[in-house]
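Engineer: I'd like to ask some things about the structure below.
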Amino acid sequence: MPPKNQKSAGGKGRSGDDSKEEPLAAVIVADSFETRFAPFTLERPRCLLPLANVPLIDYTLEYLASAGVQLVYIYPGAHADQVETYLEASRWKSSNSPFDSLAILRCIASSVGDIMRDLDQKHLIAGDFIVVSGDIVSNFPIEPALRQHKNRREKDKNAIMTMILREAGPGAYDYGSGIVPTFVLDPTKDRCLHYEESFPGTQFTAHIDPEILKSSETDVRQDLIDCRLDICTPDVLSLWSDNFDNQAPRKDFLFGVLKDYELNGKTIHTYIVQDHYASRAADFWFYNAISQDFQRGLVTSLAVENNVFGDTHYHRSQGGYVVDRAVITARSTKLGPGSIVGPGSSIGTRCDIKNSVVGQRCQIGKGTSLDGAYIWDDATIGNNVKILRAIIGNEAFIGDGCTIGEGALISYGVKVAPGTIVPAGSRICNPQGEPAYGPKNDALVGGDAGEGHAYIDNEEDDYWGSRASRLIYEKPEFAASLSTLDSDLSEDEFSSKGGSRSQSFATSMSDDDPTDRFQHDTVAILVQRMQEGKQADDMLSELMGLRFSGGADETQVRKAVAVALMKHIHGQIESGVSPAEATRQALTAYNTLIRRKGADQAIEAQVAFLLDTQRDLTRRREGGKTLLFVIKDLYDLEIFGEEAFADWWADERSSSDPDLAAVRQQSAPFIEWLENAESESESESGSEEEDE
Amino acid sequence: MAPTMPSLTPGFTTFQRVLSTESLDSSTTFLVSLLKRRQIKGSKRCAVATTLLLLRTVELTKQADSDRLIQRVSEVGKKLIEAAPHEPAVGNIVRRVLGIIRDEDEDDLVGTRTGEDGSPTSETGSDSIAALELAQSRAGSHSIPSSLSTRTAAKASPSPQRGTTRPPLMSSHTGVPGGARPVTSMFSIISHPTMRAPGVDSPTHRSGTATPQMTASGILSNLRPEVIKGIKEIIDEINAADDEISAAALEQIHPQETIVTYSSSLTVQRFLLKAASKRKFTVIHAEAYPNNHLKTHALLTGTHDTAEDEDNLPNDSFSKPLTSAGISVVMIPDSAVFAVMSRATKVVLDAHAVLTDGSLVAVSGSKAVIKAARFHRVPVLVVAPTYKLSPAYPYEPHELIEYGDAGKVLPFQDRELCTGVETGVRNPLYDFIEAGHVDLFVTNQVPAVVSAGYLYRVVREQYHDEDLQI
Numbered sequence: 001m002p003p004k005n006q007k008s009a010g011g012k013g014r015s016g017d018d019s020k021e022e023p024l025a026a027v028i029v030a031d032s033f034e035t036r037f038a039p040f041t042l043e044r045p046r047c048l049l050p051l052a053n054v055p056l057i058d059y060t061l062e063y064l065a066s067a068g069v070q071l072v073y074i075y076p077g078a079h080a081d082q083v084e085t086y087l088e089a090s091r092w093k094s095s096n097s098p099f100d101s102l103a104i105l106r107c108i109a110s111s112v113g114d115i116m117r118d119l120d121q122k123h124l125i126a127g128d129f130i131v132v133s134g135d136i137v138s139n140f141p142i143e144p145a146l147r148q149h150k151n152r153r154e155k156d157k158n159a160i161m162t163m164i165l166r167e168a169g170p171g172a173y174d175y176g177s178g179i180v181p182t183f184v185l186d187p188t189k190d191r192c193l194h195y196e197e198s199f200p201g202t203q204f205t206a207h208i209d210p211e212i213l214k215s216s217e218t219d220v221r222q223d224l225i226d227c228r229l230d231i232c233t234p235d236v237l238s239l240w241s242d243n244f245d246n247q248a249p250r251k252d253f254l255f256g257v258l259k260d261y262e263l264n265g266k267t268i269h270t271y272i273v274q275d276h277y278a279s280r281a282a283d284f285w286f287y288n289a290i291s292q293d294f295q296r297g298l299v300t301s302l303a304v305e306n307n308v309f310g311d312t313h314y315h316r317s318q319g320g321y322v323v324d325r326a327v328i329t330a331r332s333t334k335l336g337p338g339s340i341v342g343p344g345s346s347i348g349t350r351c352d353i354k355n356s357v358v359g360q361r362c363q364i365g366k367g368t369s370l371d372g373a374y375i376w377d378d379a380t381i382g383n384n385v386k387i388l389r390a391i392i393g394n395e396a397f398i399g400d401g402c403t404i405g406e407g408a409l410i411s412y413g414v415k416v417a418p419g420t421i422v423p424a425g426s427r428i429c430n431p432q433g434e435p436a437y438g439p440k441n442d443a444l445v446g447g448d449a450g451e452g453h454a455y456i457d458n459e460e461d462d463y464w465g466s467r468a469s470r471l472i473y474e475k476p477e478f479a480a481s482l483s484t485l486d487s488d489l490s491e492d493e494f495s496s497k498g499g500s501r502s503q504s505f506a507t508s509m510s511d512d513d514p515t516d517r518f519q520h521d522t523v524a525i526l527v528q529r530m531q532e533g534k535q536a537d538d539m540l541s542e543l544m545g546l547r548f549s550g551g552a553d554e555t556q557v558r559k560a561v562a563v564a565l566m567k568h569i570h571g572q573i574e575s576g577v578s579p580a581e582a583t584r585q586a587l588t589a590y591n592t593l594i595r596r597k598g599a600d601q602a603i604e605a606q607v608a609f610l611l612d613t614q615r616d617l618t619r620r621r622e623g624g625k626t627l628l629f630v631i632k633d634l635y636d637l638e639i640f641g642e643e644a645f646a647d648w649w650a651d652e653r654s655s656s657d658p659d660l661a662a663v664r665q666q667s668a669p670f671i672e673w674l675e676n677a678e679s680e681s682e683s684e685s686g687s688e689e690e691d692e
Numbered sequence: 001m002a003p004t005m006p007s008l009t010p011g012f013t014t015f016q017r018v019l020s021t022e023s024l025d026s027s028t029t030f031l032v033s034l035l036k037r038r039q040i041k042g043s044k045r046c047a048v049a050t051t052l053l054l055l056r057t058v059e060l061t062k063q064a065d066s067d068r069l070i071q072r073v074s075e076v077g078k079k080l081i082e083a084a085p086h087e088p089a090v091g092n093i094v095r096r097v098l099g100i101i102r103d104e105d106e107d108d109l110v111g112t113r114t115g116e117d118g119s120p121t122s123e124t125g126s127d128s129i130a131a132l133e134l135a136q137s138r139a140g141s142h143s144i145p146s147s148l149s150t151r152t153a154a155k156a157s158p159s160p161q162r163g164t165t166r167p168p169l170m171s172s173h174t175g176v177p178g179g180a181r182p183v184t185s186m187f188s189i190i191s192h193p194t195m196r197a198p199g200v201d202s203p204t205h206r207s208g209t210a211t212p213q214m215t216a217s218g219i220l221s222n223l224r225p226e227v228i229k230g231i232k233e234i235i236d237e238i239n240a241a242d243d244e245i246s247a248a249a250l251e252q253i254h255p256q257e258t259i260v261t262y263s264s265s266l267t268v269q270r271f272l273l274k275a276a277s278k279r280k281f282t283v284i285h286a287e288a289y290p291n292n293h294l295k296t297h298a299l300l301t302g303t304h305d306t307a308e309d310e311d312n313l314p315n316d317s318f319s320k321p322l323t324s325a326g327i328s329v330v331m332i333p334d335s336a337v338f339a340v341m342s343r344a345t346k347v348v349l350d351a352h353a354v355l356t357d358g359s360l361v362a363v364s365g366s367k368a369v370i371k372a373a374r375f376h377r378v379p380v381l382v383v384a385p386t387y388k389l390s391p392a393y394p395y396e397p398h399e400l401i402e403y404g405d406a407g408k409v410l411p412f413q414d415r416e417l418c419t420g421v422e423t424g425v426r427n428p429l430y431d432f433i434e435a436g437h438v439d440l441f442v443t444n445q446v447p448a449v450v451s452a453g454y455l456y457r458v459v460r461e462q463y464h465d466e467d468l469q470i
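Sequence lines, in order, name chains A and B.
So for the first sequence, this note's numbering puts the first residue at 1; every next one is plus one.
So for the second sequence, this note's numbering puts the first residue at 1; every next one is plus one.
Right, dumping it as structure tokens:
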């Protein structure tokens, strides 16, 4: 029998890989510890957000299944229960699952680093394994990459990791709201030499070790989409454990390992995919881009009409729209190209639906027009509604005659009253169960249109006004509209950068501003070093490292230094040192941090430093007194000039708040004195201080 | 693209392994997901995979009476067909297997009937007349297709036969008062063969479901082995198809001809090789960019690395280039097809699927070749093994077309070129070619060469009418 022969041939062939006996394992890090998908991630885990009507994690699992992975470990991160409930009911856990085992691991983690260290402790993994984030959409064959990794590993034990990167066009990140990963590669050895992150639209600067540039060929590439798909050896886990303060897989871990190449000699390699599809729904922009690829049917093997996921019956019609068998559409409704309508939905007459994804069991009224909208499952849209490029969450209700502006995000279960006009870029979520996370801004509430109130029977809709992440989920592809949107954005841009990295669930650190991760880390580290009595020069280099790995700008660093110093001083005072003593010691030792190289020494920067200090001290006990000493010492040690103090005092920001005014009140005499005094009265001021 | 090492990536070999170890249900799920993910593609491989799964289904079905088998096979078949609407070969094989079960069922029926009719021929009544009619109709139905094909005669006969036997069945059931004891009569059949009431035996035998546990002793025991044998024959047939088709080559290709062909096809390759064993001719080969040009190059140069991803179907790995057979081969880009067509004397193409009305689904670009051939009045010959002959009618031809990686048409790296394009860039893997453009079809069925006008008969012979809609 020919098939028998085949089988034996296949068996013989397979004996080749019997040497790598252990089944391929993969670890899915389902949470990215970012708030890119706020406000939706407040209630649901990020990996269950639907993309083309399928939860994101299914794409990852499907990819792993198609790659022949047998063991899967999932770290759900936030909302672990929801993830577990979903997976338990899904086909991945059924008896027909393509995986041998699928385990959900839980740990208390606030970063990817915590997860990796937990994994190391659990000793689950012996051989090479794949680490993947829970939001990739991909169909390229991983086989060649694995083989390349194995071959390299046989030759060189230090090749610990292979990253899979997809080549995209130049400017792939131009419109994205996230960071631009920059890889410095040695194309002859597929080795990654250096890694930096920058922000789109800013000028890229990197600090590359001159040693690196000595290799015969180097590529500096920003056109690679990082799928967060790594083939790792167990060494990677131990490295994570060694570097216990590493948080993010790229900006901390990758950067760190590459930096320490001289030290431990570990190399990290890349595998660049040139064809097939590989991308990652890292933020709303990528979410939108991937959705559009699905709408156009570009992701071939995963295409919606292939019904890869479960028992749907999508059909792509000639008009370029994909509709499930179980969809009720009124005859006069126009479905345009690029529309996907999920099973169980019904669409009323005279609707015009273009480029939109409608989820399962949605009800759409008459005369509604959707363009570029994402309507998630079980949403209800009334009659004559207009939705432009917005996301409507599960079970949301949009009343008759509403207009939803571009970029609006309407979260789960929100009810928008009939006739409301939701402005572009607004984000509306249901406040129940959520602590007030940011300042409420009632002026922007969608549901406050006068006639609507009577109809809205739920709680007042809240505007979730945190500055944490970018509001616009999509930037236009067309240059014409780009300019208009950019102008809206530009003010926000600066402040949002640091915040976009904040954790997706609150940490226990209540002391510091919870929205700013860089800030928090830097302050913590600096204070720790100060307590250890480290030299300022050492700290300076550490600060630089933190700054670059965090992608922080000068403003943030300055603020971090100010807060750290104040915290340190305050700590000293608490422990019994007199305020004058503490301040003097701290500033003498660490004034180089304030005057560090590269920092802006203009008067404005100094004023800003003083403002930061002042603001920080409003929260501390006897802040006014400390402020006085700080100012004095700054003056005495000639860290800042007189003009800085004068400008600061005159600056209206320093007294805009009652708290601020109260804090600075005690410094008033000093400033007065300063204004009157001559420059040679330094010694006097010193003695005066001792009197206090 | 071609993983040389046996891979972890699921594919045909992993499917075979799963098939032999896992339960039927998970094997089905596994194949369904392979088909959906396009990890098994191509008519031949889909056909073989489907056959293997159905073979397993038949082997594992408990209580293998015909109705049960048909039910199980169509259940599994439906899942596969839904998973791969773009691969008509899957549906074809499911229909073939169903046909085999029906045939064997009929054969058993006929066998027991004649065996039992033998002794009590003197029995009078409606039954003997029905039997006579039946025999006549069978003889009649035999005579017509046997002129067309000898091999499928037995297969083709049941459908008309069934039509004629049904009325007497009904009449005997309702008309004869003795039908009041249908179940106990089964005992009497075995224990007291002479005491049978006339007219009762025929319904009970025919509808084996009524008392399967009884009939199991005699009829059912050999239904399953017969069906399994039949399914294994299908596998053999699929594997031998290329050789059988190439048997017609010498009659179709004459000395000094210029043959145009397109894309990489092992069937066409073997066809031409066979002709090359006796004839001298020239082959003009268009490369089928962007989806198949690499394979075409490999096929022509004989560096058969890419055949590796065919997952070692038998005979596929072995093939020598045409040039080694002393044929001069000219490879041209697709754009030159029209220009060289005026020199051609024949076009030989492979098909992905052939539909009843003579329309076909073939590698994208084939339509351009065929159009050019029509323009220059060059005869077009399509080689199509029987598993590619689909009884479907192309109501919505676009649904038969499968799309591939758009990156091959417009690289992902040049994404900016697509902005503003509403429907996006697509890369169809197949063309749909309307009926009437192809002059001859060559199949591995006994009338090896059929004109487009007679194709429907060949297709009809393949399948039972009951199975056209699954």
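Idealized CB from N, CA, C, for every residue including glycine.
Is it right to say B:E106 is buried, meaning 16 or more other beta carbons lie within 10 angstroms of its own, or is it exposed?
Structural biologist: When all chains shown are included, B:E106 counts as buried.
Engineer: Any idea what DSSP makes of B:S342, helix, strand or coil?
Structural biologist: Looking at B:S342 - three-state DSSP - the assignment turns out to be coil, as it is neither helix nor strand.
Engineer: At a Cβ threshold of 7 angstroms, is A:E406 touching chain B?
Structural biologist: For A:E406, the answer is no, since every Cβ of chain B falls outside 7 angstroms of its Cβ.
Engineer: What are the start and end residues of each continuous alpha helix (DSSP H) run of 4 or more residues lying completely inside the stretch 237–317 of chain B, in chain order?
Structural biologist: Listed in chain order, they are 249–252, 266–276 and 293–301.
Engineer: Near B:E104, which residues of its chain fall below 8 angstroms by C-beta distance, leaving aside the five closest residues on each side in sequence?
Structural biologist: S66, L223, E226, V227 and G230.
Engineer: At a cut of 8 angstroms, does the stretch 46–56 of chain A reach the stretch 97–115 of chain A through at least three beta carbon pairs?
Structural biologist: With a cut-off of 8 angstroms, the stretch 97–115 of chain A and the stretch 46–56 of chain A do not count as touching, because too few Cβ pairs lie within range.
Engineer: Would you say A:S356 faces chain B, with C-beta separation under 7 angstroms as the test?
Structural biologist: By this cut-off, A:S356 is not an interface position.
Engineer: If you follow the beta strand (DSSP E) that A:C232 is part of, which residue opens it and which one closes it?
Structural biologist: Where A:C232 is concerned, the enclosing beta strand (DSSP E) stretches over L224 to C232.
Engineer: Residues in the stretch 53–78 of chain A with C-beta within 9 angstroms of chain B's C-beta atoms, listed in sequence order?
Structural biologist: Under the 9 angstroms Cβ criterion, the stretch 53–78 of chain A contributes E62, A65, S66, A67, G68, V69 and Q70.
Engineer: Chain B beta carbons: is any one of them nearer than 7 angstroms to that of A:S301?
Structural biologist: Taking Cβ atoms only, chain B reaches closer than 7 angstroms to A:S301, which makes this a yes.
Engineer: Pull the bridge partners of A:T162 from the DSSP assignment, please.
Structural biologist: Its beta-bridge partners are A:I231 and A:H269.
Engineer: A:D114 lies in the alpha helix (DSSP H); which residues open and close that run?
Structural biologist: Segment V112 to K122, the alpha helix (DSSP H) holding A:D114.
Engineer: I want to see whether chain A comes within less than 7 angstroms of B:H398, judged by CB atoms only; does it?
Structural biologist: For B:H398, the answer is yes, since a Cβ of chain A falls inside 7 angstroms of its Cβ.
Engineer: According to DSSP, is A:F397 helix, strand or coil?
Structural biologist: DSSP places A:F397 in strand when its eight states are reduced to three.
Engineer: DSSP three-state label for A:N676, please.
Structural biologist: It is helical.
Engineer: So the candidates are B:V58, B:T296, B:D243 and B:A339; which of them puts its Cα closest to the Cα of B:H376?
Structural biologist: Nearest option by C-alpha distance: B:A339.
Engineer: Kindly indicate which three-state DSSP category B:T14 falls into: helix, strand or coil?
Structural biologist: Of the three classes helix, strand and coil, the one that applies to B:T14 here is helix, per DSSP.
Engineer: Can you name, in chain order, every residue of its own chain whose Cβ lies under 7 angstroms from the Cβ of A:A67, other than the five neighbours on each side?
Structural biologist: Cβ neighbours of A:A67 beyond the five flanking positions: I142.
Engineer: Between the alpha carbons of B:E59 and A:W376, how many angstroms are there, rounded?
Structural biologist: About 45 angstroms.
Engineer: Out of B:L109, B:N239 and B:V425, state which residue places its alpha-carbon closest to the alpha-carbon of B:Y387.
Structural biologist: Of the listed residues, the one whose Cα sits closest to B:Y387 is B:N239.
Engineer: Please report how far the alpha carbon of A:R250 lies from the alpha carbon of A:K559, in whole angstroms.
Structural biologist: Cα to Cα, the separation comes out at about 25 angstroms.
Engineer: Does the beta-carbon distance from A:Y271 to A:A145 come in below 7 angstroms?
Structural biologist: It is a contact, given that the beta carbons lie within the stated cut-off.
Engineer: Is A:L565 near the ligand GDP, judged by its Cβ being under 6 angstroms from some heavy atom?
Structural biologist: You won't find the ligand GDP in this model; it holds no ligand whatsoever.
Engineer: List, in chain order, every chain B residue whose beta-carbon is nearer than 8 angstroms to that of A:S101.
Structural biologist: None at all; the shortest Cβ gap to chain B is about 15 angstroms.
Engineer: Any idea which residues DSSP pairs A:P181 with across the strands?
Structural biologist: A:E197, per the DSSP bridge assignment.
Engineer: Using a beta-carbon distance below 7 angstroms, is A:D283 in contact with chain B?
Structural biologist: Taking Cβ atoms only, chain B never reaches closer than 7 angstroms to A:D283, which makes this a no.
Engineer: So, for A:L721: in the same chain, excluding its five sequence neighbours on each side, which residues have a beta-carbon less than 6 angstroms away from its beta-carbon?
Structural biologist: Nothing can be reported for residue 721 of chain A: it is not among the residues displayed for chain A, which extend from 1 to 692.
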